[in-house]
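Structure record follows, encoded as structure tokens.
Structural data, given as structure tokens:
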């Protein structure tokens with residue numbers, strides 16, 4: 041018996057319809073054999089598929105044949121493409137760099153699959169991706185086709201108004217995804233959003249396929265986690281980790297506190313468990329409870345840097361910059377070559393009005409930072425303190 045994905049050969053339909061996404065011709069891109077595997081979960085689902093670039097309508101016919109319940113939306117700048125509209129296929133006339141058109145279409149037809157087979161100019165490819173990807177359904181696919189043009193001998197002409205090639209743009213996204221373990225990601229804006237929401241980047245023969253992160257069923261995951269803990273002896277560290285998961289994914293803080301407390305009941309006041317429970321307290325606006333917990337932990341574990349830094353952060357939230365500075369001074373003694381801690385200490389002293397000492401600590405941070413990117417931030421902080429002292 042053939043496998044489910046063999047019962048409908050997407051590629052042979054593409055061959056018959058004459059699309060260059062098939063394997064038929066010497067100049068073909070040969071995407072469809074990969075697409076069948078990628079698209080199979082949605083074959084009979086009521087999804088929206090948006091494709092930029094209609095031209096002769098051949099790929100639209102392939103999607104109509106393959107997806108039994110999908111709404112197909114084609115976007116093209118040529119008015120003549122309107123003739124391909126039918127009861128399942130919508131045709132929108134306009135440019136892919138028109139924000140009003142994109143916003144309207146994406147709002148009306150939130151896509152599970154979005155295919156950019158438009159102009160292939162770099163500025164169009166990047167602009168469309170950054171505007172359309174946020175509207176993609178969780179778990180959906182965004183496909184930028186024919187990126188090989190940006191690696192050809194005449195690649196520069198395909199850049200359009202973009203400063204970088206479209207192929208390099210997606211390679212950079214893949215590198216950011218690959219390096220996120222070491223926090224090589226932007227801290228804000230579109231790039232931060234993309235790095236958070238991209239779960240997978242796959243390169244086919246000329247195309248980039250970007251998968252959006254699934255929306256987790258947090259309630260179900262927490263329930264399963266609780267059941268697992270009960271059936272496997274309820275280890276202290278497991279309760280602490282589940283509490284962290286609950287907080288990270290927006291679950292019940294009350295439930296997170298229950299697991300964090302249970303971790304301490306089972307394993308004692310270990311530093312890692314204390315930090316989790318303190319985090320729960322802070323999120324529940326119980327900073328004083330968190331501080332009491334951390335003060336006790338700092339006495340019991342004076343060499344744990346993370347305890348002192350957490351304590352300092354809460355002292356700062358409570359409007360006690362000198363107490364925060366005292367905790368950070370201890371942290372500096374534990375890790376004297378960390379410019380980040382020096383800067384935190386300098387900022388605490390600045391808030392306390394001790395500008396001379398704040399400046400001295402900032403200069404120490406500058407020395408420790410050396411030629412790192414943080415050195416520039418240290419310099420700006422030093423200039424700010426000097427201005428306040430004048």
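In the working numbering, the protein residues as written are 41 to 430. For glycine and all other residues, C-beta sits at the position ideal for the given N, C-alpha and C.
- Inter-residue distance for residue 234 and residue 251 is about 11 Å (C-alpha atoms, whole angstroms).
- Beta-bridge partners of residue 156 (DSSP): 92, 184.
- Of the residues assessed, residue 101 falls on the buried side of the cut-off, its CB having 16 or more other CB atoms within 10 angstroms.
- Taking C-beta separations shorter than 6 Å and ignoring five residues to either side along the sequence, the partners of residue 110 in its chain run 87, 89, following chain order.
- Counting only runs of 3 or more residues that sit fully inside the region 94-172, the beta strand (DSSP E) segments are 111-116, 129-133, 153-156, in chain order.
- Taking residue 283 as the centre and dropping the five residues before and after it, the same chain places the C-beta of 296, 299, 300, 316 closer than 6 Å to its C-beta, in chain order.
- Between the region 272-281 and the region 250-264 there are fewer than three C-beta pairs closer than 8 Å, too few to call the two in contact.
- Take the alpha-carbon of residue 143 and the one of residue 69: they are about 29 Å apart.
- Note: residue 242 is bridge-paired with 249 in the DSSP secondary-structure output.
- For a cut-off of 8 Å, the C-beta gap from residue 365 to residue 392 is around 6 Å, short enough to register as a contact.
- Here residue 376 has 408 as same chain residues with Cβ atoms under 8 Å from its own Cβ, once five neighbours each way along the sequence are excluded.
- For residue 211, the uninterrupted alpha helix (DSSP H) segment begins and ends at 206-218.
- Shown here, residue 328 sits in a helix according to DSSP, grouped into three states.
- By the neighbour-count criterion, in which 16 or more other beta carbons inside 10 Å mark a residue as buried, residue 82 falls on the buried side.
- Here the alpha carbon of residue 186 sits roughly 12 Å from the alpha carbon of residue 93.
- For the pair of segments examined, the region 150-161 was found to touch the region 191-211: the number of CB pairs separated by less than 8 Å reaches three.
- Between the C-alpha atoms of residue 204 and residue 228 there is a straight-line separation of about 21 Å.
- Counting other Cβ atoms within 10 Å of its Cβ, residue 61 reaches 16 or more and is therefore classed as buried.
- The region 321-332 makes no contact with the region 305-312; the number of CB pairs closer than 8 Å stays below 3.
- The Cβ-Cβ distance between residue 311 and residue 346 falls below 9 Å.
- The C-beta distance from residue 383 to residue 372 rounds to 10 Å, too long to fall under 8 Å, and the pair is not in contact.
- Taking C-alpha positions only, residue 58 is separated from residue 50 by approximately 12 Å.
- Within the same chain, Cβ atoms closer than 7 Å to the Cβ of residue 217 are found at 235, 238, 241, the five residues on either side in sequence being excluded.
- Inside the region 259-333, DSSP marks whole alpha helix (DSSP H) runs of 4 or more residues at positions 276-288, 293-307, 311-323, from first to last along the chain.
- In the DSSP assignment, residue 230 falls within the unbroken alpha helix (DSSP H) covering 229-237.
- Boundaries cannot be given for residue 68, as no alpha helix (DSSP H) includes it and DSSP labels it neither H nor E.
- Shown here, residue 350 sits in a helix according to DSSP, grouped into three states.
- Residue 167 sits close to residue 137, with the two beta carbons spaced by under 9 Å.
- In this structure residue 429 is exposed. Its beta-carbon is surrounded by fewer than 16 other beta-carbon atoms within 10 angstroms.
- Counting the other CB atoms within 10 Å of its CB gives residue 148 a total below 16, which places it among the exposed residues.
- By the neighbour-count criterion, in which 16 or more other beta carbons inside 10 Å mark a residue as buried, residue 355 falls on the buried side.
- Secondary structure within the region 343-402: the alpha helix (DSSP H) runs of 4 or more consecutive residues, fully enclosed, are 345-357, 361-374, 379-391 (chain order).
- The criterion of a C-beta distance shorter than 9 Å is not satisfied by residue 52 and residue 91.
- CA-CA distance, residue 73 to residue 169, rounds to 23 Å.
- For residue 419, the enclosing alpha helix (DSSP H) has its first and last residue at 414-429.
- Per DSSP, residue 176 lies in no alpha helix (DSSP H) and is assigned neither H nor E.
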